[in-house]
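Below is one structure, written out as structure tokens, with a few remarks after it.
Below is the structure:
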């Protein structure tokens, strides 16, 4: 590329050359030593520090030269890091609190809050959702126990602790002194920065404040509260996101938006980072490569402010940034990384930024050794280092290939940061985001205006709220755009790729990244190769259903039922036409059911049926609603638990979806899919159904393309017996969805009466309840059923050819293998069902006082094999496979292990035969 050299290209040219890594070596030494010394024995650390100092002195005395100085500096910095790490780590082991935590003692603590309370997302434990809570980091100063020989014993301590308390504690400010009572427990991980976890008792609904916060913290809290007030009237996503973009306040961010940011690797926008500070500095100093030159821009350049005064103003801006965002380690880390730009103003050489980064790392690790074990700190340093080292070279390479300078710089920055951080992210999340770079490129232009306008609204809120609201409204537009980018990117079928977790997975991804970079230098030279790579990336992101089915074998063609792998919970999909499915239950977690439905290509849900209101069946409701047209939600008429029933109605009301109640005897049809509600009876007619949510589960008899399925929800034996007595005419079924995740509590006669050929159990791996029970599995197999379970087999699909296909569990979820279970040949129904079907639009919106008379039972479908050479039903023993007729005995199912859809082996399992 020829022509005049632009200012940006000249700046990039100055970056080239060998990097100055002399200060990086001591910084890394201090980092590693501090991380190791936090949990090391004090005597070992002392001996190691003395040896390092002695070796450094001898080296400096014996050798003269630059290398000797670097090595000596590394030894001395390593000794300093180890010393401060050992002293800081000793706080978690000294005093009575660690021993009291190991005994789970009840104590009264006086603590000083050291960080902002952060919301703890409620987890689903079996059928119950945890109570919403907040986690508060604090330093214990006094402990009172009641187990002393002479009564209560008190002791002065200095120990870091973590409080788990009610949401009413969310308003506490750092530096506040609080008295709390509860039960201690050791931290969940060894080597944590807290010595004990105090779960505050339920009787302490409000914090008992014994000392207020400092004036500085109160002033910062008023500014943040003013920003929240200024954003109250914005659109939901802007209202939730803008405080996070400006000051890292994520208290309003809903779980689905947080999950979208996590999938697209945009979570750095939800936390205060160096990017926020860099935007503010750019407003003051202009672009970094011009900050120290005569043609510099920004407010300082336009106002003619001298360079040194500009640096001082930048330092004041950094101090204000820390005060407003609170002096927590993450905020200090962001400010330190942002101050690198200020150092560039004084030197005028961008190569000096790398030593400045090393100095910032060294000072921060010595100030807070726990940062040496912080993944957030590691990601921040890696991203900044990549921007200073890899990005300029990649940008120059892209420009040499004809990419416009601004686009090249943006692509290089996003790609370099992602390449450096992805191996660390995969250690934590066992996944690789394929949309991270494009989503960061699309969101980046909105960050600067949102940050600047948001900080302006923050500053004006205490004195001019109407003006602050106007600025917040303007900032809401780029915030909404950022949220839309995150949601759209997360909704792509190929947004993320499963990857092995742990250090081995991180090293594997790092090696793959290096190989991809070197291969890309050759592959991307020609226009055709670039177009081919872009097309492959597009196909990986969009994942057209036909292509995905060919590559992965999932979903199998002609699927009629899929039991999604959602962990310890239920979520079933019944095919109701192209791109449509009736969904039965939503599982415990939105992302899991959303991923399952996306893989199936489900964009429309005519009906979502929630069998009962336990959390493991309804908490995934937002995942079903995400990006899909849902016609109606049908539930059990028994609203227990009340809180989760209210959650369902609240989510439905927010999405504008009507909620109806199931009525026994109700029948519906959608194309080839039909179902009948078997249970529960209307309220007030059955004492069993009134006993608890499980026995109030909706049970269904489903017919789909000649298959018969019985879905029992979470019914317990009393309800199962009453259902069996009320419906003695239940026909034999092909598939049984075993009740209550295969628990030991089953009615033996209900298991044997329908004579299921396939039993599907939706259950979570490693659940604490022992599901599925060994005796339930044995009973099913003794009755001739093939048993498939989602904890070991992954999602299970049943096709219209009576074939059960399992995909195997994904990485990070457990191990499994894909296999195909073939049943007897299933013909199409030869007779029509002349029952009265209630159309979807006429479904009652509430339970009627008197249920309709039960219609006559649906006759079992009867059909024959289509092959002229096959035997006639009743045994239905043949099926056609890929144009080749095969025949199997009526008393056997063929189980086939598959690798990516290719058959590898075949075995047989006995199954009970039945007639039409």
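In the working numbering, the protein residues as written are 30 to 945. Glycine residues also receive a C-beta, built at the ideal position from the N, C-alpha and C atoms. Note that the structure is a prediction, hence the values are computed from the model and not measured.
Member of 508, 566 and 505 whose CA lies at the smallest distance from the CA of residue 526: The residue from 508, 566 and 505 with its alpha-carbon nearest to that of residue 526 is 566.
Backbone CA spacing between residue 622 and residue 145 [nearest angstrom]: Those two C-alpha atoms are separated by around 33 Å.
Residue burial classification, residue 562 (beta-carbon count within 10 angstroms, cutoff 16): Looking at its Cβ environment, which holds fewer than 16 other Cβ atoms inside 10 Å, residue 562 is exposed.
Collapsed DSSP secondary structure at residue 338 in the structure displayed: Of the three classes helix, strand and coil, the one that applies to residue 338 here is helix, per DSSP.
Sequence-distant residues of the same chain with beta carbon closer than 7 Å to residue 88, five excluded per side: Cβ within range, chain order: 97, 100 and 101.
Backbone secondary structure at residue 558 - three-state DSSP: Correct three-state label for residue 558: helix.
Stretch pair the region 471-485 + the region 502-514: three plus CB contacts closer than 8 Å: Three or more pairs of CB atoms, one per stretch, sit closer than 8 Å, so the region 471-485 contacts the region 502-514.
Cβ pair residue 808, residue 699 closer than 8 Å: In this structure, residue 808 lies away from residue 699, with their beta-carbon atoms at least 8 Å apart.
Reduced DSSP secondary structure (H/G/I, E/B, other) of residue 182: In the three-state scheme derived from DSSP, where H, G and I count as helix and E and B as strand, residue 182 is classed as strand.
Short Cβ contact (8 Å threshold) for residue 638 with residue 618: No, the Cβ-Cβ distance between residue 638 and residue 618 is not below 8 Å.
Selected residue, minimal CA-CA separation from residue 172, among 196, 207, 161 and 165: If you compare the alpha carbons of 196, 207, 161 and 165 with that of residue 172, the shortest gap goes to 207.
Cβ contact check for the region 264-277 and the region 474-488: 3 or more pairs under 8 Å: Yes, since at least three Cβ pairs between the region 264-277 and the region 474-488 fall closer than 8 Å, the two stretches touch.
Residue from 464, 418 and 528 whose Cα sits closest to the Cα of residue 449: The residue among 464, 418 and 528 with its C-alpha nearest the C-alpha of residue 449 is 418.
Contact check, residue 764 vs residue 785, beta carbons under 8 Å: The answer is yes: Cβ separation under 8 Å.
Extent of the continuous beta strand (DSSP E) run through residue 142: Residue 142 -> beta strand (DSSP E) spans 135-142.
Local conformation of residue 514 per DSSP, three classes: Residue 514: helix per DSSP, three-state reduction.
Proximity of residue 136 and residue 252 at Cβ, strictly below 8 Å: The answer is no: Cβ separation not under 8 Å.
Those residues which DSSP pairs with residue 696 across a bridge: BP columns for residue 696 point to 705.
Where the alpha helix (DSSP H) containing residue 781 begins and where it ends: Taken as a continuous stretch (DSSP letters only), the alpha helix (DSSP H) holding residue 781 covers 777-781.
Own chain residues within Cβ distance below 7 Å of residue 751, not counting five before or after: Short of 7 Å from the beta carbon of residue 751, and not among the five residues preceding or following it, lie these beta carbons of its own chain, in chain order: 715 and 717.
Residue 290, buried or exposed, once every other Cβ within 10 Å from all chains shown has been counted against 16: With 16 or more other Cβ atoms from the protein chains shown falling within 10 Å of its own Cβ, residue 290 counts as buried.
Same chain, Cβ closer than 8 Å to residue 744, neighbours up to 5 away in sequence not counted: Counting only Cβ-Cβ distances below 8 Å, and skipping sequence neighbours, we find 708, 723, 724, 726, 728, 752, 768 and 769.
Given 8 Å, three or more beta-carbon pairs between the region 419-427 and the region 393-404: Contact between the region 419-427 and the region 393-404 is not established, with fewer than three Cβ pairs separated by less than 8 Å.
DSSP-derived helix/strand/coil call for residue 864: Confidence at residue 864 is low in this model, with a pLDDT of 26, below 50, so the placement of that residue should be treated as unreliable; the coordinate-derived value is given next. Three-state result, residue 864: coil.
Three-state secondary structure (DSSP) of residue 542: Here DSSP, grouped into helix, strand and coil, assigns residue 542 to helix.
Collapsed DSSP secondary structure at residue 202 in the structure displayed: Coil.
CA nearest to the CA of residue 554, picked from 429, 790 and 193: That would be 429, whose Cα lies nearest to the Cα of residue 554.
Residue burial classification, residue 689 (beta-carbon count within 10 angstroms, cutoff 16): Flag for residue 689 reads buried.
Through-space distance from residue 515 to residue 498, alpha-carbon basis: Whole-angstrom Cα-Cα distance: 25 Å.
Other residues of its chain near residue 78: CB distance less than 6 Å, five sequence neighbours each side excluded: Closer than 6 Å at the Cβ level, and outside the excluded window around residue 78, lie 108, 111 and 112.
Cβ neighbour criterion (16 or more within 10 Å) applied to residue 60: With at least 16 other beta carbons inside 10 angstroms of its own, residue 60 counts as buried.
Cα-Cα separation between residue 344 and residue 491, rounded to whole angstroms: So the alpha carbons of these two residues sit roughly 24 Å apart.
Status (buried if at least 16 other CB within 10 Å, exposed otherwise) for residue 131: Classification for residue 131: exposed.
Given residue 149 as reference, the closest of 139, 116 and 192 once Cα atoms are compared: The option with the nearest alpha carbon to residue 149 is 192.
For residue 170 and residue 139, believed in contact at Cβ under 8 Å, the rounded distance: 5 Å between Cβ atoms; contact.
Residue 590 versus residue 831 - alpha carbon distance: Roughly 11 Å between the two C-alpha positions.
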